[in-house]
Amino acid sequence: MEVLGMIMAGGEGSRLFPLTKERAKPAVYFGGKFRLIDFVLSNFVNSQVYSIYVLTQFKSQSLADHLQDGWRFGSILRDHFISLVPAQQRMGRDWYMGTADAIYQNINLIENHHPDMVAIFGADHVYRMDLRQMVDFHKSKNADATVAAIQVKREEASSFGILSVDDDSRIMDFQEKPASPKPIPSNPDIALASMGNYIFSTDFLLRKLLEDAQSETNHDFGKDIIPSSCKDSRIYAYDFQTNAIPGASEEERGYWRDVGTIKAFWEANMDLRNVKPQFNLYNRKWPIKTASYSSPPAKFVFNEDGRRGQAINAIVSEGSIISGGKVQDSIIGRNVFLHSGSAVINSIIMEEVEIGRNCRINLAIIDKGVRVPEGTAIGYNIEEDRKKFFIDEESGIVVIPKGYKFPGQ
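With this note's numbering, letter number 187 in the sequence shown gets 192, and the count goes up by one each step, no holes.
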(Lines of atoms letter the chains of each structure in order from A; the text may use other names.)
(Lines give C-alpha, C1' and ligand atoms only; values in the text may rest on other atoms or scores of the structure.)
Protein backbone atom coordinates (compact mmCIF):
# COMPACT_ATOMS: atom_id res chain seq x y z
CA MET A 6 0.00 0.00 0.00
CA GLU A 7 1.45 3.37 -0.99
CA VAL A 8 -0.79 5.75 1.01
CA LEU A 9 -2.97 5.14 4.07
CA GLY A 10 -5.46 7.93 4.77
CA MET A 11 -6.28 9.04 8.31
CA ILE A 12 -8.90 11.77 8.67
CA MET A 13 -9.12 13.74 11.90
CA ALA A 14 -12.87 14.15 12.48
CA GLY A 15 -13.03 14.62 16.23
CA GLY A 16 -13.35 18.39 16.40
CA GLU A 17 -15.90 20.00 18.72
CA GLY A 18 -16.32 23.06 16.52
CA SER A 19 -17.13 25.35 19.43
CA ARG A 20 -16.97 28.49 17.23
CA LEU A 21 -19.77 27.02 15.08
CA PHE A 22 -22.12 26.64 18.05
CA PRO A 23 -25.09 26.08 18.01
CA LEU A 24 -24.68 24.16 14.73
CA THR A 25 -22.37 21.83 16.66
CA LYS A 26 -24.68 21.50 19.66
CA GLU A 27 -25.81 18.04 18.56
CA ARG A 28 -23.03 16.95 16.18
CA ALA A 29 -19.29 17.08 15.54
CA LYS A 30 -18.09 19.86 13.26
CA PRO A 31 -17.32 17.53 10.29
CA ALA A 32 -20.98 16.41 10.33
CA VAL A 33 -22.37 19.94 9.86
CA TYR A 34 -24.39 20.35 6.65
CA PHE A 35 -22.95 22.46 3.85
CA GLY A 36 -24.20 23.48 0.42
CA GLY A 37 -27.67 22.03 0.88
CA LYS A 38 -27.05 18.28 0.78
CA PHE A 39 -23.42 17.77 1.81
CA ARG A 40 -21.59 17.42 5.12
CA LEU A 41 -18.21 19.06 5.72
CA ILE A 42 -16.47 15.69 5.85
CA ASP A 43 -17.63 14.94 2.30
CA PHE A 44 -15.02 17.30 0.87
CA VAL A 45 -11.94 15.59 2.28
CA LEU A 46 -13.40 12.13 1.64
CA SER A 47 -14.14 13.08 -1.97
CA ASN A 48 -10.59 14.37 -2.36
CA PHE A 49 -9.17 11.09 -1.06
CA VAL A 50 -11.36 8.89 -3.24
CA ASN A 51 -10.94 11.05 -6.36
CA SER A 52 -7.18 10.84 -5.75
CA GLN A 53 -7.42 7.02 -5.63
CA VAL A 54 -6.69 6.81 -1.91
CA TYR A 55 -9.11 4.06 -0.92
CA SER A 56 -7.78 2.95 2.48
CA ILE A 57 -9.19 5.47 4.92
CA TYR A 58 -9.69 5.62 8.68
CA VAL A 59 -11.90 8.37 10.13
CA LEU A 60 -10.97 9.19 13.73
CA THR A 61 -13.81 10.58 15.85
CA GLN A 62 -14.32 11.68 19.43
CA PHE A 63 -17.03 14.28 20.18
CA LYS A 64 -20.74 13.79 19.37
CA SER A 65 -19.94 11.36 16.58
CA GLN A 66 -23.28 9.56 16.07
CA SER A 67 -24.50 11.89 13.30
CA LEU A 68 -21.18 11.47 11.52
CA ALA A 69 -21.28 7.69 11.94
CA ASP A 70 -24.78 7.55 10.47
CA HIS A 71 -23.69 9.65 7.51
CA LEU A 72 -20.68 7.45 6.75
CA GLN A 73 -22.88 4.38 7.01
CA ASP A 74 -25.42 5.85 4.60
CA GLY A 75 -23.07 7.33 2.05
CA TRP A 76 -19.50 6.07 2.24
CA ARG A 77 -19.43 2.29 2.08
CA PHE A 78 -17.13 0.43 -0.28
CA GLY A 79 -17.78 -3.13 -1.37
CA SER A 80 -16.01 -5.93 0.47
CA ILE A 81 -14.28 -7.49 -2.54
CA LEU A 82 -10.98 -5.62 -2.18
CA ARG A 83 -9.37 -5.79 1.25
CA ASP A 84 -7.63 -2.42 0.97
CA HIS A 85 -10.75 -0.50 -0.11
CA PHE A 86 -12.45 0.72 3.07
CA ILE A 87 -13.64 3.77 4.98
CA SER A 88 -13.66 2.79 8.63
CA LEU A 89 -14.87 4.85 11.58
CA VAL A 90 -12.49 4.79 14.56
CA PRO A 91 -13.97 6.21 17.80
CA ALA A 92 -11.73 7.17 20.71
CA GLN A 93 -11.11 3.91 22.59
CA GLN A 94 -8.55 4.75 25.30
CA ARG A 95 -6.20 2.17 23.83
CA MET A 96 -3.13 3.68 25.50
CA GLY A 97 -4.56 4.48 28.91
CA ARG A 98 -7.51 6.28 30.43
CA ASP A 99 -7.15 9.52 28.49
CA TRP A 100 -9.17 10.51 25.44
CA TYR A 101 -7.32 12.07 22.52
CA MET A 102 -5.13 14.83 23.93
CA GLY A 103 -4.06 16.25 20.56
CA THR A 104 -3.81 15.38 16.89
CA ALA A 105 -0.58 13.42 17.31
CA ASP A 106 -1.97 11.55 20.31
CA ALA A 107 -5.05 10.57 18.27
CA ILE A 108 -2.79 8.91 15.71
CA TYR A 109 -0.55 7.41 18.39
CA GLN A 110 -3.52 5.80 20.16
CA ASN A 111 -4.32 4.09 16.85
CA ILE A 112 -0.75 3.36 15.81
CA ASN A 113 -1.67 -0.30 15.36
CA LEU A 114 -3.75 0.63 12.31
CA ILE A 115 -0.65 1.97 10.58
CA GLU A 116 1.50 -0.97 11.63
CA ASN A 117 -1.09 -3.45 10.35
CA HIS A 118 -1.13 -1.99 6.82
CA HIS A 119 2.57 -1.19 6.26
CA PRO A 120 1.95 1.83 4.00
CA ASP A 121 4.81 3.78 2.44
CA MET A 122 3.18 7.04 3.47
CA VAL A 123 0.38 8.21 5.75
CA ALA A 124 -1.86 11.14 4.74
CA ILE A 125 -3.25 12.83 7.86
CA PHE A 126 -5.90 15.40 6.94
CA GLY A 127 -8.54 17.44 8.73
CA ALA A 128 -12.26 16.98 8.08
CA ASP A 129 -13.80 20.42 8.34
CA HIS A 130 -12.63 22.54 5.40
CA VAL A 131 -14.16 23.20 1.99
CA TYR A 132 -11.79 22.66 -0.94
CA ARG A 133 -10.72 20.36 -3.75
CA MET A 134 -7.26 18.79 -3.75
CA ASP A 135 -5.54 16.09 -5.77
CA LEU A 136 -3.47 14.27 -3.16
CA ARG A 137 -1.44 12.54 -5.86
CA GLN A 138 0.29 15.83 -6.68
CA MET A 139 1.24 16.35 -3.03
CA VAL A 140 2.46 12.74 -2.84
CA ASP A 141 4.62 13.28 -5.94
CA PHE A 142 6.07 16.42 -4.37
CA HIS A 143 6.77 14.55 -1.13
CA LYS A 144 8.63 11.81 -3.00
CA SER A 145 10.55 14.25 -5.21
CA LYS A 146 11.96 15.95 -2.11
CA ASN A 147 12.67 12.66 -0.33
CA ALA A 148 10.77 14.30 2.52
CA ASP A 149 10.15 12.93 5.99
CA ALA A 150 6.99 15.03 6.19
CA THR A 151 5.18 17.44 3.89
CA VAL A 152 2.79 20.14 5.08
CA ALA A 153 0.14 21.51 2.71
CA ALA A 154 0.47 25.30 2.79
CA ILE A 155 -1.55 28.28 1.60
CA GLN A 156 -0.96 32.01 1.59
CA VAL A 157 -3.19 34.01 3.95
CA LYS A 158 -3.50 37.66 4.88
CA ARG A 159 -1.10 38.46 7.72
CA GLU A 160 -3.91 40.08 9.71
CA GLU A 161 -5.70 36.69 9.76
CA ALA A 162 -2.60 34.53 10.16
CA SER A 163 -2.66 34.26 13.96
CA SER A 164 -5.34 31.57 13.61
CA PHE A 165 -2.95 29.25 11.74
CA GLY A 166 0.37 27.50 12.00
CA ILE A 167 2.82 29.78 10.15
CA LEU A 168 5.72 28.46 8.08
CA SER A 169 9.06 29.92 7.04
CA VAL A 170 10.63 28.13 4.08
CA ASP A 171 13.85 28.32 2.05
CA ASP A 172 14.12 28.54 -1.73
CA ASP A 173 13.61 24.78 -2.01
CA SER A 174 10.35 24.85 0.03
CA ARG A 175 12.03 23.23 3.01
CA ILE A 176 10.47 24.40 6.27
CA MET A 177 13.01 26.20 8.42
CA ASP A 178 10.62 27.35 11.13
CA PHE A 179 7.04 26.53 12.18
CA GLN A 180 5.08 28.58 14.71
CA GLU A 181 1.61 27.52 15.80
CA LYS A 182 -0.81 30.48 15.92
CA PRO A 183 1.82 33.18 16.65
CA ALA A 184 0.73 36.58 17.97
CA SER A 185 2.95 38.30 15.39
CA PRO A 186 3.01 36.10 12.26
CA LYS A 187 6.12 36.25 10.11
CA PRO A 188 5.35 37.41 6.53
CA ILE A 189 6.73 35.85 3.38
CA PRO A 190 9.84 37.67 2.06
CA SER A 191 8.14 38.92 -1.11
CA ASN A 192 5.06 40.46 0.56
CA PRO A 193 4.87 41.95 4.08
CA ASP A 194 1.07 41.56 4.12
CA ILE A 195 1.01 37.80 3.42
CA ALA A 196 2.01 34.80 5.55
CA LEU A 197 2.39 31.13 4.63
CA ALA A 198 -0.05 29.03 6.66
CA SER A 199 -0.40 25.33 7.33
CA MET A 200 -3.68 23.82 6.13
CA GLY A 201 -3.44 21.12 8.81
CA ASN A 202 -2.94 18.46 6.13
CA TYR A 203 0.18 16.31 6.28
CA ILE A 204 1.88 13.50 4.42
CA PHE A 205 4.41 11.52 6.44
CA SER A 206 6.85 8.85 5.43
CA THR A 207 5.73 5.98 7.62
CA ASP A 208 9.00 5.14 9.39
CA PHE A 209 9.52 8.78 10.32
CA LEU A 210 5.94 9.14 11.57
CA LEU A 211 6.09 6.05 13.77
CA ARG A 212 9.38 7.15 15.30
CA LYS A 213 8.11 10.65 16.03
CA LEU A 214 4.85 9.40 17.52
CA LEU A 215 6.72 7.18 19.96
CA GLU A 216 9.09 10.01 20.93
CA ASP A 217 6.21 12.44 21.44
CA ALA A 218 4.21 9.98 23.55
CA GLN A 219 7.11 9.76 26.00
CA SER A 220 7.51 13.54 26.27
CA GLU A 221 5.67 16.29 28.15
CA THR A 222 4.07 18.04 25.16
CA ASN A 223 0.66 18.97 23.79
CA HIS A 224 0.88 15.81 21.65
CA ASP A 225 -0.04 17.82 18.58
CA PHE A 226 1.43 17.86 15.08
CA GLY A 227 1.23 21.63 14.67
CA LYS A 228 2.40 22.53 18.17
CA ASP A 229 5.02 19.83 18.73
CA ILE A 230 6.04 17.30 16.09
CA ILE A 231 6.41 19.58 13.06
CA PRO A 232 8.15 22.49 14.87
CA SER A 233 10.58 20.19 16.69
CA SER A 234 11.48 18.32 13.50
CA CYS A 235 12.31 21.25 11.22
CA LYS A 236 15.95 21.58 12.22
CA ASP A 237 17.07 17.97 11.90
CA SER A 238 14.55 16.37 9.50
CA ARG A 239 13.41 16.90 5.92
CA ILE A 240 10.13 18.78 6.42
CA TYR A 241 8.73 20.49 3.32
CA ALA A 242 5.85 22.82 2.45
CA TYR A 243 3.64 21.90 -0.50
CA ASP A 244 2.20 24.98 -2.20
CA PHE A 245 -1.53 24.29 -2.48
CA GLN A 246 -1.79 27.02 -5.12
CA THR A 247 -0.01 24.69 -7.57
CA ASN A 248 -2.59 21.93 -7.17
CA ALA A 249 -4.52 21.50 -10.43
CA ILE A 250 -7.99 19.93 -10.47
CA PRO A 251 -9.58 18.51 -13.64
CA GLY A 252 -12.53 20.61 -14.75
CA ALA A 253 -11.82 23.44 -12.30
CA SER A 254 -11.59 27.05 -13.43
CA GLU A 255 -8.50 29.14 -12.82
CA GLU A 256 -10.55 31.18 -10.32
CA GLU A 257 -11.05 28.06 -8.20
CA ARG A 258 -7.33 27.26 -8.04
CA GLY A 259 -6.20 27.59 -4.45
CA TYR A 260 -9.78 27.75 -3.09
CA TRP A 261 -9.75 26.63 0.54
CA ARG A 262 -12.17 27.80 3.20
CA ASP A 263 -11.96 27.44 6.95
CA VAL A 264 -15.66 27.58 7.82
CA GLY A 265 -15.02 27.50 11.55
CA THR A 266 -17.16 30.53 12.44
CA ILE A 267 -20.81 31.29 11.74
CA LYS A 268 -19.84 34.22 9.51
CA ALA A 269 -17.30 32.21 7.49
CA PHE A 270 -19.74 29.30 7.20
CA TRP A 271 -22.53 31.57 5.94
CA GLU A 272 -20.25 33.35 3.45
CA ALA A 273 -18.91 30.11 1.97
CA ASN A 274 -22.45 28.81 1.53
CA MET A 275 -23.62 32.08 -0.02
CA ASP A 276 -20.85 31.94 -2.63
CA LEU A 277 -22.44 28.77 -4.01
CA ARG A 278 -25.61 30.63 -5.07
CA ASN A 279 -23.76 32.86 -7.55
CA VAL A 280 -23.92 32.42 -11.31
CA LYS A 281 -20.19 31.67 -11.36
CA PRO A 282 -19.25 30.69 -7.80
CA GLN A 283 -15.59 30.49 -6.92
CA PHE A 284 -16.20 26.91 -5.76
CA ASN A 285 -18.22 24.96 -8.33
CA LEU A 286 -20.26 22.07 -6.95
CA TYR A 287 -21.12 21.00 -10.50
CA ASN A 288 -17.63 19.90 -11.62
CA ARG A 289 -18.29 16.37 -12.87
CA LYS A 290 -14.60 15.66 -13.37
CA TRP A 291 -13.97 16.00 -9.61
CA PRO A 292 -17.33 15.29 -7.99
CA ILE A 293 -18.12 15.95 -4.36
CA LYS A 294 -19.75 12.74 -3.17
CA THR A 295 -22.22 12.33 -0.34
CA ALA A 296 -24.96 10.05 0.91
CA SER A 297 -27.56 9.31 -1.75
CA TYR A 298 -31.11 9.20 -0.45
CA SER A 299 -34.28 8.20 -2.29
CA SER A 300 -35.83 11.67 -2.09
CA PRO A 301 -37.88 12.87 -5.08
CA PRO A 302 -36.83 15.95 -7.09
CA ALA A 303 -37.43 19.45 -5.78
CA LYS A 304 -40.82 20.92 -6.74
CA PHE A 305 -42.15 24.47 -7.19
CA VAL A 306 -45.93 24.88 -7.23
CA PHE A 307 -48.55 27.63 -7.66
CA ASN A 308 -48.32 30.52 -10.09
CA GLU A 309 -50.64 33.24 -8.89
CA ASP A 310 -50.06 36.81 -7.78
CA GLY A 311 -48.94 36.63 -4.16
CA ARG A 312 -48.72 32.85 -4.31
CA ARG A 313 -45.96 31.80 -6.68
CA GLY A 314 -43.44 29.05 -5.96
CA GLN A 315 -40.06 30.38 -7.08
CA ALA A 316 -36.35 30.34 -6.37
CA ILE A 317 -33.88 33.01 -7.54
CA ASN A 318 -30.09 32.72 -7.19
CA ALA A 319 -30.62 29.75 -4.92
CA ILE A 320 -29.78 26.10 -4.40
CA VAL A 321 -32.78 23.91 -3.61
CA SER A 322 -32.01 20.30 -2.68
CA GLU A 323 -33.98 17.19 -3.54
CA GLY A 324 -37.25 16.44 -1.81
CA SER A 325 -37.97 20.11 -1.10
CA ILE A 326 -41.27 21.75 -2.06
CA ILE A 327 -41.59 25.49 -2.57
CA SER A 328 -45.36 25.79 -2.35
CA GLY A 329 -46.34 29.31 -3.30
CA GLY A 330 -43.38 30.83 -1.47
CA LYS A 331 -40.19 32.59 -2.55
CA VAL A 332 -36.56 31.60 -2.04
CA GLN A 333 -33.93 34.18 -2.96
CA ASP A 334 -30.15 34.20 -2.48
CA SER A 335 -30.39 31.17 -0.19
CA ILE A 336 -29.38 27.54 0.27
CA ILE A 337 -32.18 25.03 0.90
CA GLY A 338 -31.46 21.53 2.19
CA ARG A 339 -33.28 18.26 1.58
CA ASN A 340 -36.99 17.76 2.30
CA VAL A 341 -37.77 21.37 3.20
CA PHE A 342 -41.37 22.59 2.85
CA LEU A 343 -41.98 26.30 2.31
CA HIS A 344 -45.66 27.25 2.55
CA SER A 345 -47.53 29.92 0.60
CA GLY A 346 -46.80 33.58 1.20
CA SER A 347 -43.45 32.95 2.87
CA ALA A 348 -40.11 34.39 1.76
CA VAL A 349 -36.60 33.17 2.57
CA ILE A 350 -33.77 35.59 1.73
CA ASN A 351 -30.00 35.41 2.36
CA SER A 352 -30.44 32.32 4.51
CA ILE A 353 -29.42 28.70 4.95
CA ILE A 354 -32.24 26.25 5.64
CA MET A 355 -31.09 22.75 6.54
CA GLU A 356 -32.95 19.54 5.89
CA GLU A 357 -36.43 18.60 7.10
CA VAL A 358 -37.41 22.15 8.04
CA GLU A 359 -41.01 23.27 7.57
CA ILE A 360 -41.75 26.97 7.22
CA GLY A 361 -45.39 27.92 7.73
CA ARG A 362 -47.49 30.39 5.75
CA ASN A 363 -46.60 34.08 5.55
CA CYS A 364 -43.23 33.82 7.26
CA ARG A 365 -40.37 36.24 6.57
CA ILE A 366 -36.85 34.94 7.06
CA ASN A 367 -33.70 36.94 6.35
CA LEU A 368 -30.02 36.47 7.24
CA ALA A 369 -30.67 33.28 9.20
CA ILE A 370 -29.45 29.71 9.53
CA ILE A 371 -32.18 27.25 10.51
CA ASP A 372 -30.89 23.80 11.43
CA LYS A 373 -32.48 20.41 10.86
CA GLY A 374 -36.00 19.53 11.90
CA VAL A 375 -37.28 22.97 12.93
CA ARG A 376 -40.98 23.84 12.41
CA VAL A 377 -41.40 27.60 11.93
CA PRO A 378 -44.97 28.68 12.84
CA GLU A 379 -47.21 30.66 10.51
CA GLY A 380 -46.53 34.39 10.42
CA THR A 381 -43.08 34.23 12.04
CA ALA A 382 -40.52 36.94 11.20
CA ILE A 383 -36.83 36.11 11.69
CA GLY A 384 -33.93 38.42 10.91
CA TYR A 385 -35.87 41.69 10.78
CA ASN A 386 -35.68 42.79 14.42
CA ILE A 387 -32.42 41.77 16.03
CA GLU A 388 -33.48 42.76 19.55
CA GLU A 389 -36.60 40.60 19.37
CA ASP A 390 -34.61 37.76 17.80
CA ARG A 391 -32.02 37.97 20.58
CA LYS A 392 -34.72 37.25 23.16
CA LYS A 393 -35.57 33.93 21.48
CA PHE A 394 -32.67 32.77 19.34
CA PHE A 395 -28.89 32.66 19.12
CA ILE A 396 -27.36 35.72 17.41
CA ASP A 397 -23.84 35.61 15.99
CA GLU A 398 -22.53 38.96 17.19
CA GLU A 399 -19.83 39.18 14.51
CA SER A 400 -22.28 38.99 11.62
CA GLY A 401 -25.76 39.53 13.05
CA ILE A 402 -26.87 36.17 11.63
CA VAL A 403 -29.71 34.47 13.51
CA VAL A 404 -29.04 30.77 14.18
CA ILE A 405 -31.85 28.41 15.20
CA PRO A 406 -30.42 25.09 16.40
CA LYS A 407 -31.43 21.58 15.43
CA GLY A 408 -34.85 20.57 16.73
CA TYR A 409 -35.65 23.96 18.26
CA LYS A 410 -39.22 24.18 19.57
CA PHE A 411 -41.21 27.39 19.21
CA PRO A 412 -43.71 28.23 21.99
CA GLY A 413 -46.67 25.89 21.89
CA GLN A 414 -44.88 23.12 20.00
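Heads up, the beta-carbon is just placed ideally off N, CA and C, and yes, glycines get one too.
For clarity, every value in this text was computed on a predicted model and none was experimentally measured.
Straight-line gap, residue i to residue j (C-alpha atoms, nearest Å)
i, j, result
"ASP106", "TRP261", "26 Å"
"HIS130", "ASP310", "42 Å"
"VAL8", "ILE115", "10 Å"
"ASP194", "PRO186", "10 Å"
"SER47", "GLY413", "42 Å"
"PRO292", "THR381", "38 Å"
"PHE63", "ARG312", "44 Å"
"ILE240", "ASN248", "19 Å"
"ILE150", "PHE209", "For the record, residue 150 in the displayed sequence is Ala; it is not Ile. Computed Cα separation, rounded: 8 Å."
"LYS410", "SER328", "23 Å"
"VAL306", "GLU323", "15 Å"
"ARG258", "MET134", "9 Å"
"ILE5", "LEU211", "Not covered by the structure: residue 5. The range shown for the chain is 6 to 414."
"THR104", "GLY314", "48 Å"
"SER347", "GLY401", "21 Å"
"SER67", "ALA29", "8 Å"
"LEU277", "LYS236", "42 Å"
"SER163", "LYS373", "33 Å"
"HIS71", "ASP172", "43 Å"
"SER297", "LEU89", "19 Å"
"ALA69", "LEU24", "17 Å"
Local Cβ density within 10 Å of residue i, reported as buried at 16 or more and exposed below that
i, result
"ASP229", "buried"
"HIS85", "exposed"
"PRO282", "buried"
"VAL280", "exposed"
"MET122", "buried"
"PRO120", "buried"
"MET355", "buried"
"PRO406", "buried"
"LYS213", "buried"
"ARG40", "buried"
"GLN246", "exposed"
"SER191", "exposed"
"MET6", "exposed"
"ARG159", "buried"
"GLN219", "exposed"
"LEU215", "exposed"
"TYR287", "exposed"
"ILE267", "buried"
"ASP225", "buried"
"ARG289", "exposed"
"GLN110", "buried"
"GLY408", "exposed"
Close Cβ partners of residue i (< 8 Å) along its chain, the five nearest in sequence each way excluded
i, result
"GLU379", "HIS344, GLY361, ARG362, ASN363, CYS364"
"ILE317", "LYS331, VAL332, GLN333, ASP334"
"PRO301", "GLU323, GLY324"
Other residues of its chain near residue i: CB distance less than 6 Å, five sequence neighbours each side excluded
i, result
"ILE125", "MET11, TYR203"
"ASN351", "ASP334, ASN367, LEU368"
"VAL358", "VAL341, ILE371, VAL375"
"ILE57", "GLY10, PHE49, ILE87"
"ARG137", "SER52"
"ASN274", "ILE336, ILE353"
"GLY201", "GLY127"
"ILE326", "LYS304, PHE342"
"PRO251", "LYS290, TRP291"
"TYR55", "HIS85"
Contacting residues, own chain, Cβ-Cβ under 7 Å from residue i (five flanking each side not counted)
i, result
"ILE167", "GLN180, PRO183, PRO186, LYS187, ALA196, LEU197, ALA198"
"ALA242", "VAL152, ALA154, LEU168, VAL170, SER174, ILE176, LEU197"
"LYS393", "none"
"ASP263", "HIS130, ALA269"
heavy atom of the ligand PLP below 7 Å from residue i C-beta
i, result
"ALA153", "In the structure shown, the ligand PLP is absent, as is every other ligand, since no ligand is present at all."
(request) Identify every run of the beta strand (DSSP E) within the segment 311-368, keeping only runs that are complete inside it and at least 3 residues long; order them along the chain. (result) At a cut-off of 3 residues, the continuous stretches assigned as beta strand (DSSP E) that sit fully inside the segment 311-368 are 315-317, 326-328, 331-333, 348-350, 365-367.
(request) Pick out the complete alpha helix (DSSP H) segments inside the segment 371-399, 4 residues or longer, and give them in chain order. (result) With a minimum length of 4 residues, the unbroken runs of alpha helix (DSSP H) contained wholly in the segment 371-399 fall at 387-393.
(request) Could you tell me which uninterrupted alpha helix (DSSP H) segments, each at least 4 residues in length, are contained entirely in the segment 95-182, listed from first to last along the chain? (result) Runs of the alpha helix (DSSP H) inside the segment 95-182: 104-109, 112-118, 136-145.
(message) Under 8 Å, with one C-beta from each stretch per pair, do the segment 14-29 and the segment 53-68 reach the 3-pair mark?
(response) Contact between the segment 14-29 and the segment 53-68 is established, with three or more Cβ pairs separated by less than 8 Å.
(request) Within the segment 19-93, note down every full alpha helix (DSSP H) run reaching 4 residues or more, in order along the chain. (result) For secondary structure counted as the alpha helix (DSSP H) over 4 or more consecutive residues, the segment 19-93 holds these complete runs in sequence order: 42-51, 66-75.
(message) Please give the ranges of any beta strand (DSSP E) in the segment 237-265, keeping only runs that are unbroken, at least 3 residues long and fully inside the region.
(response) Considered as a whole, the segment 237-265 harbours 240-244, 261-263 as its complete beta strand (DSSP E) runs of no fewer than 3 residues, in chain order.
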